[in-house]
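FYI, the numbering for the sequence shown is -20 to -1, 1 to 94, going by mature numbering (1 follows the signal peptide of the UniProt record, and there is no 0).
Backbone N, C-alpha and C define an ideal beta-carbon position, used for all residues, glycine too.
Computed from a predicted structure; not experimentally measured.
Written below as structure tokens is the structure these notes are about.
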Amino acid sequence: MRLISISIAMLLLTPISATAAEQPGKNKHMSHNATSQSASESIAIASGTVKKINLESGMMVIAHGPVESLGWPPMTMGFKASPDLMRDLKERDVIEFEFTSSGMHSTIISIDKM
């Protein structure tokens, strides 16, 4: 009787073990490489108004509308951007911009004046 109970328990647990092993990101020993980091980076498009530009630091502050693809409400926040992208902009310009977002870091990759 005990052998039957052990056999049934083994059969019931086997599919769970196989399923967990097949799921990517579920292995605590899995290394964090560039592929997994880039998968967490999102590209989004937004429009907003330029509030501040700092060419030296490569930062600009934009009051933007909602970013539905990221679930963001309208807000004012800082973005990294290359000086070349910011050079022709001035405060109060209305822009549409494309940016990458990874955690708390957002970097503008293209800007168009509206």
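| Item | Value |
| --- | --- |
| Within 10 Å of its beta-carbon, does Met66 have 16 or more other beta-carbons around it, so buried, or fewer, so exposed? | buried |
| Can you give me the Cβ contacts of Leu35 inside the same chain, cut-off strictly under 8 Å, excluding the 5 residues immediately before and after it? | Pro63, Met66, Arg67 |
| For Lys31, which residues from the same chain have a beta carbon less than 7 Å from its beta carbon, with the 5 sequence-adjacent residues on both sides left out? | Val41, Ile42, Ala43, Thr56, Glu71 |
| Let's see if you can read the secondary structure: which residues bound the alpha helix (DSSP H) around Met94? | First-last for Met94: undefined, no H or E at that position. |
| Classify Ser86: buried if its beta carbon has 16 or more other beta carbons within 10 angstroms, exposed otherwise. | buried |
| Considering only residues of the same chain and omitting the five flanking positions on each side of Asp73, which have a CB-CB separation below 8 Å? | Thr29, Val30, Lys93 |
| Report the rounded CA-to-CA distance for Pro54 versus Ala26, giving the unit in angstroms. | 10 Å |
| Would a C-beta distance cut-off of 8 Å place Thr80 and Ile33 closer than the cut-off? | no |
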